[in-house]
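Novice: In the working numbering, the protein residues as written are 21 to 959. Next up is a structure, given as structure tokens.
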């Protein structure tokens with residue numbers, strides 16, 4: 021039967037070559053000539069017959085003969101495909117060699133579409149093929165520890181725990197029993213939901229029918245502890261009507277009992293399908309798994325009950341040991357009343373793909389031992405994993421995005437874009453990655469604040485300190501781009517660009533005259549002259565105090581940039597300052613001054629690197645960096661550090677995010693809930709409070725301040741200041757265990773103000789009448805239709821003075837400062853991070869990764885078993901934010917990308933009003949504010 025089934029395929033392959041022979045007869049859809057007759061008889065061709073066969077047909081015949089009995093009957097679809105090849109190969113433009121290759125490809129496709137695959141869990145009867153389930157021999161029957169492509173077959177409950185997409189192809193070359201091919205895939209759709217599919221072409225033994233098994237499944241994970249999955253299996257077979265179209269619904273479950281122990285269960289035939297006229301009982305598989313020694317050892321034990329051929333059930337076990345990076349050894353076995361199966365092998369990981377080899381046998385109950393054969397596997401994945409072989413002189417390209425939010429927005433299917441924290445982590449990982457000797461850093465136009473920019477510089481310096489060569493390729497020669505690129509070993513500029521390190525500038529806008537023209541009267545009261553936030557509405561020009569602090573701040577940044585460039589390029593600071601005053605300049609001039617190493621086009625960069633750095637060969641630069649990751653994560657209990665982000669204005673209630681613009685405001689309720697959760701969670705060892713906020717509501721800031729102080733009594737709370745952490749942003753940082761600031765962070769601005777806009781004149785000008793009735797002298801104190809009297813101003817000033825003294829007291833308590841010192845630095849003035857360190861307002865200069873390391877070291881945690889949580893996650897809608905012509909929430913103390921990419925020519929006054937006023941609309945009328953000057957930015 022099996023040998024006869026080979027004939028139609030042989031004849032159809034012969035027909036594919038476009039040849040006919042004398043004496044050929046047409047049997048149905050198939051053309052059978054002398055070669056086909058030989059195939060029917062299961063014999064080989066004679067020398068004379070072989071000599072008369074064209075090379076194309078001979079190659080196909082040799083291919084088929086090599087597989088022997090593996091080919092089932094050809095389908096009608098294959099015949100149509102043969103005819104297509106026949107027509108194609110008749111064309112003169114197709115060489116004999118090409119047509120032979122096409123035919124061989126078809127033969128391989130035929131094997132995949134209709135060939136058999138192994139049935140590991142089958143008995144010796146046809147019924148067992150379906151009832152006992154199907155699986156490849158090297159599947160390593162591990163119900164609990166294999167969250168990979170084969171989860172769909174082993175346990176669909178693991179699909180929700182799969183962390184990276186993977187495709188596996190498995191082949192078993194058996195002797196007397198079992199042979200075939202299987203295709204398995206797992207795709208994580210989100211961090212908690214995954215899909216899987218598998219198809220296997222199988223024949224359990226020479227006396228059993230051929231069958232195809234197709235599986236579709238989905239899995240859901242809850243808190244990385246519980247996995248639930250469902251699988252639908254259906255079969256196809258031309259040799260058995262009972263098996264053909266048989267289907268089954270299966271259920272899988274995985275439950276982590278303790279960190280290193282997992283319970284799994286799989287129920288097959290949950291829908292009790294009919295087979296040969298009888299309802300099938302469910303099959304139950306129960307297993308325990310453990311991953312210990314940081315993932316180096318994986319153990320899995322399971323028991324199967326309900327197998328038709330084995331009433332007493334079957335026990336199975338699997339052991340997997342990581343012998344070295346990218347090398348895993350495995351052994352598995354099973355025992356039942358009929359036989360014992362055993363097997364073992366190894367799996368080699370080469371990064372994006374892996375290869376496995378296994379040997380398998382069995383010992384029957386009567387005492388005889390049989391060797392079943394070998395199995396082979398090939399896996400492909402988009403994410404680079406730990407690998408066994410690494411070549412030397414490997415380089416990789418890393419593109420620095422133009423900007424990155426502190427927290428990446430999320431789509432319905434996961435993160436969208438790269439967050440600033442992810443960018444830092446990528447550079448940190450690259451520094452430790454032994455696979456690469458060099459990095460090409462591609463830098464275009466950048467919109468980062470200078471504090472973030474210097475965090476990136478530190479991260480690149482860490483890559484260099486690890487012994488790697490870092491080359492910067494600038495697509496933009498602006499100040500920010502060059503300031504980052506200058507920290508690299510070499511800096512190259514595109515020939516069409518000029519180096520334009522032109523320095524820094526800032527603009528101050530004042531609306532008092534325009535507001536008076538409109539009949540709007542600003543009513544504001546502030547504490548300390550340096551608290552200049554309301555000055556934009558009260559004055560026509562800057563005050564001396566505002567000019568003083570702005571000039572000091574600008575000079576601080578400028579000196580830091582000049583010093584960093586001079587140190588990185590080994591130049592005198594005065595030379596760098598002089599060069600800036602002659603910018604822009606052509607690349608040749610910049611190279612002569614030592615600012616550049618040359619100009620080159622991107623496709624010539626690798627050759628230039630080899631020449632300039634004296635490399636023995638031109639490096640092959642990989643186009644994209646893929647961080648390595650372990651093939652399977654350890655289940656040892658992970659310690660957690662929670663990074664909680666406070667970005668944008670601080671408001672009462674829940675955080676707010678504008679879907680269109682992507683602007684954010686941090687709500688006190690949201691942050692307090694996260695801080696309380698972190699304090700109560702046993703897995704969270706400490707908290708990093710990442711602040712990139714100009715402040716906001718005094719009441720909201722006070723509530724967050726108290727929550728931080730309470731948490732700091734239980735666990736370390738370390739603050740990492742981003743571009744700006746001033747006024748209310750500093751107020752919430754004061755009680756932290758430790759405060760890190762970047763050298764160019766804008767902080768301080770310890771002060772308070774309150775106010776409103778009186779639009780009574782505007783209403784009168786518009787012809788709108790208004791009447792106020794009140795009970796109580798101050799009931800209309802914050803009405804937009806009344807002016808403040810001297811008595812009203814005095815009362816508001818008294819209240820603000822009380823709040824200001826509380827602010828100073830919180831700084832004294834949190835920073836352990838003398839009250840007189842606190843008052844001297846708490847006069848509303850803004851400070852850079854470097855100056856704040858000198859004043860005692862912060863503890864150390866450093867970025868986000870430094871703050872995380874501080875918590876880790878304080879708690880004695882292992883970096884390899886540490887999980888960092890980034891909270892709160894941004895709304896999925898914010899991933900679809902578009903850049904507005906006017907930034908509605910331009911409160912950041914660094915450059916605002918939206919201003920740089922403005923697409924409409926908006927008059928300055930209206931742009932200013934649209935960009936600044938909505939910040940006040942976030943707050944209640946008359947709400948006390950601890951906030952920086954609006955739109956405080958550096959160009």
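Using N, Cα and C, we set each Cβ at its ideal position, and we do this for glycine too.
Measure from the alpha carbon of residue 395 to the alpha carbon of each residue in 319, 188, 304, 307, then state which is nearest.
Specialist: Residue mapping note: residue 395 aligns to position 375 of the chain shown, counting from 1. Closest option to residue 395, Cα to Cα, is 188.
Novice: Give me the Cα-Cα distance between residue 575 and residue 950, rounded to the nearest whole angstrom.
Specialist: For the purposes of this step, residue 575 is taken as residue 555 along the chain shown, with counting starting at 1. For the purposes of this step, residue 950 is taken as residue 930 along the chain shown, with counting starting at 1. Cα to Cα, residue 575 sits roughly 25 Å from residue 950.
Novice: Please report the distance separating the alpha-carbon of residue 531 from that of residue 783.
Specialist: Position 511 of the chain shown, counted from the start, is the residue given in the question as residue 531. Position 763 of the chain shown, counted from the start, is the residue given in the question as residue 783. Rounded to the nearest angstrom, the two C-alpha atoms are 19 Å apart.
Novice: Just to confirm my understanding: we take residue 472, look at its own chain, exclude 5 residues before and 5 after, and list those with CB closer than 7 Å. What are they?
Specialist: Numbered from 1 along the chain shown, position 452 holds the residue referred to as residue 472. Only 440, 742, 743 meet the Cβ criterion.
Novice: DSSP has residue 684 in a bridge; who is on the other side?
Specialist: By one-based count along the chain shown, residue 684 stands at place 664. Answer by DSSP bridge pairing, in chain order: 677.
Novice: Going by C-alpha distance, which of 880, 689, 745, 544 is nearest residue 807?
Specialist: In the chain shown, residue 807 corresponds to position 787, counting from 1. That would be 544, whose Cα lies nearest to the Cα of residue 807.
Novice: Would you say the region 715-732 touches the region 440-460, given that touching needs at least three Cβ pairs under 8 Å?
Specialist: Result no; under three Cβ-Cβ pairs closer than 8 Å.
Novice: Any idea what DSSP makes of residue 544, helix, strand or coil?
Specialist: Numbered from 1 along the chain shown, position 524 holds the residue referred to as residue 544. Here residue 544 sits in strand by DSSP.
Novice: Answer with buried or exposed for residue 621, where buried requires no fewer than 16 other C-beta atoms within 10 angstroms of its C-beta.
Specialist: Translated into positions along the chain shown, residue 621 becomes position 601. Its Cβ having fewer than 16 others within 10 Å, residue 621 is exposed.
Novice: Rounded to whole angstroms, what is the Cα-Cα separation between residue 821 and residue 718?
Specialist: Here the question's residue 821 lines up with position 801 in the chain shown. Here the question's residue 718 lines up with position 698 in the chain shown. So the two alpha carbons sit approximately 12 Å from each other.
Novice: Output yes or no for whether 8 Å exceeds the beta carbon distance between residue 176 and residue 314.
Specialist: The residue you call residue 176 lines up with position 156 of the chain shown. The residue you call residue 314 lines up with position 294 of the chain shown. No.
Novice: Can you name the start and end residues of the alpha helix (DSSP H) that residue 316 belongs to?
Specialist: For the purposes of this step, residue 316 is identified with residue 296 of the chain shown, where counting begins at 1. Per DSSP, residue 316 belongs to no alpha helix (DSSP H) and is neither H nor E.
Novice: Is the region 339-352 in contact with the region 321-331, if contact means three or more CB pairs nearer than 8 Å?
Specialist: The region 339-352, when compared against the region 321-331, does not touch it at the 8 Å Cβ threshold.
Novice: Quick one: Cα of residue 463 to Cα of residue 512, how far?
Specialist: In the chain shown, the residue the question calls residue 463 occupies position 443. In the chain shown, the residue the question calls residue 512 occupies position 492. When rounded, the distance between both Cα atoms is 10 Å.
Novice: Excluding the 5 residues preceding and the 5 following residue 508 in the sequence, name in chain order all residues of the same chain whose CB lies nearer than 7 Å to its CB.
Specialist: Taking the chain shown and counting its residues from 1, the one referred to as residue 508 is at position 488. Cβ within range, chain order: 461, 480, 490, 491, 492.
Novice: Bridge partners for residue 233 per DSSP, in chain order?
Specialist: Looking up residue 233 in the chain shown gives position 213. Beta-bridge pairing links residue 233 to 220, 255.
Novice: Mapping DSSP to helix, strand and coil, what is residue 778?
Specialist: Residue numbering aside, residue 778 sits at position 758 when the chain shown is read from its first letter. Three-state DSSP puts residue 778 in a strand.
Novice: For the region 324-356, which segments carrying the beta strand (DSSP E) assignment without a break, of at least 3 residues, lie completely within its bounds, in sequence order?
Specialist: Taking only runs of at least 3 residues, the beta strand (DSSP E) segments lying wholly in the region 324-356 are 334-344, 347-355.
Novice: Under a three-way DSSP split, which group does residue 771 fall into?
Specialist: If you number the chain shown from 1, residue 771 lands on position 751. If DSSP states are grouped into helix, strand and coil, residue 771 belongs with coil.
Novice: Note down, in chain order, each residue of its chain lying with its Cβ closer than 7 Å to the Cβ of residue 876, except the 5 sequence neighbours on either side.
Specialist: The residue you call residue 876 lines up with position 856 of the chain shown. So the qualifying residues of the chain are 661, 883, 886.
Novice: Which residues does DSSP list as the beta-bridge partners of residue 270?
Specialist: Position 250 of the chain shown, counting from 1, holds the residue named residue 270. Paired residue(s): 251.
Novice: I'd like the list of long-range same chain contacts for residue 284, defined as Cβ closer than 6 Å, with 5 residues on each side in sequence excluded.
Specialist: Here residue 284 is taken as the residue at index 264 of the chain shown, counted from 1. Answer for residue 284: 163, 164, 175, 274, 307, listed in chain order.
Novice: If I follow the unbroken beta strand (DSSP E) through residue 393, where does it start and stop?
Specialist: Taking the first residue of the chain shown as 1, we reach residue 393 at position 373. Where residue 393 is concerned, the enclosing beta strand (DSSP E) stretches over 389-400.
Novice: Over the uninterrupted beta strand (DSSP E) stretch that includes residue 721, give me the two end residues.
Specialist: Reading the chain shown from its first residue, position 701 is the one you call residue 721. Where residue 721 is concerned, there is no enclosing beta strand (DSSP E), although the alpha helix (DSSP H) it sits in stretches over 718-732.
Novice: For residue 375, report the span of its beta strand (DSSP E) as first-last.
Specialist: In the chain shown, residue 375 corresponds to position 355, counting from 1. Taken as a continuous stretch (DSSP letters only), the beta strand (DSSP E) holding residue 375 covers 373-384.
Novice: Which residue comes first and which comes last in the alpha helix (DSSP H) that contains residue 564?
Specialist: To locate residue 564, count along the chain shown from 1; it is residue 544. It spans 564-589 - the alpha helix (DSSP H) in which residue 564 sits, taken as one unbroken run.
Novice: Counting C-beta neighbours from all protein chains within 10 Å, is the total for residue 619 16 or more, i.e. buried, or is it exposed?
Specialist: Reading the chain shown from its first residue, position 599 is the one you call residue 619. When all chains shown are included, residue 619 counts as buried.
Novice: Tell me whether residue 9 is buried or exposed, calling it buried when 16 or more other Cβ atoms sit within 10 Å of its Cβ.
Specialist: Here the chain covers residues 21 to 959 and nothing more, so residue 9 does not appear.
Novice: Which value, in whole angstroms, describes the spacing of the CA atoms of residue 426 and residue 892?
Specialist: Working through the chain shown from its first residue, we reach residue 426 at position 406. Working through the chain shown from its first residue, we reach residue 892 at position 872. Computed Cα separation, rounded: 11 Å.
Novice: Rounded to whole angstroms, what's the CA-CA distance from residue 584 to residue 607? Just pull it up for me.
Specialist: Start at 1 with the first residue of the chain shown, and residue 584 comes out as number 564. Start at 1 with the first residue of the chain shown, and residue 607 comes out as number 587. Going from the Cα of residue 584 to the Cα of residue 607 covers about 20 Å.
Novice: Once DSSP output is grouped into helix, strand and coil, what is the label at residue 949?
Specialist: If you number the chain shown from 1, residue 949 lands on position 929. If DSSP states are grouped into helix, strand and coil, residue 949 belongs with the strands.
Novice: So, residue 581 versus residue 503, is the Cβ gap smaller than 8 Å?
Specialist: Taking the first residue of the chain shown as 1, we reach residue 581 at position 561. Taking the first residue of the chain shown as 1, we reach residue 503 at position 483. Yes, Cβ-Cβ distance for residue 581 and residue 503 is below 8 Å.
Novice: Between the Cα of residue 801 and the Cα atoms of 215, 823, 789, 778, which residue gives the shortest distance?
Specialist: Position 781 of the chain shown holds residue 801. The shortest C-alpha separation from residue 801 is found at 778.
Novice: Measure the Cβ-Cβ separation of residue 366 and residue 376 and say whether it is below 8 Å.
Specialist: One-based indexing of the chain shown puts residue 366 at position 346. One-based indexing of the chain shown puts residue 376 at position 356. Taking 8 Å as the Cβ cut-off, residue 366 and residue 376 qualify as a contacting pair.
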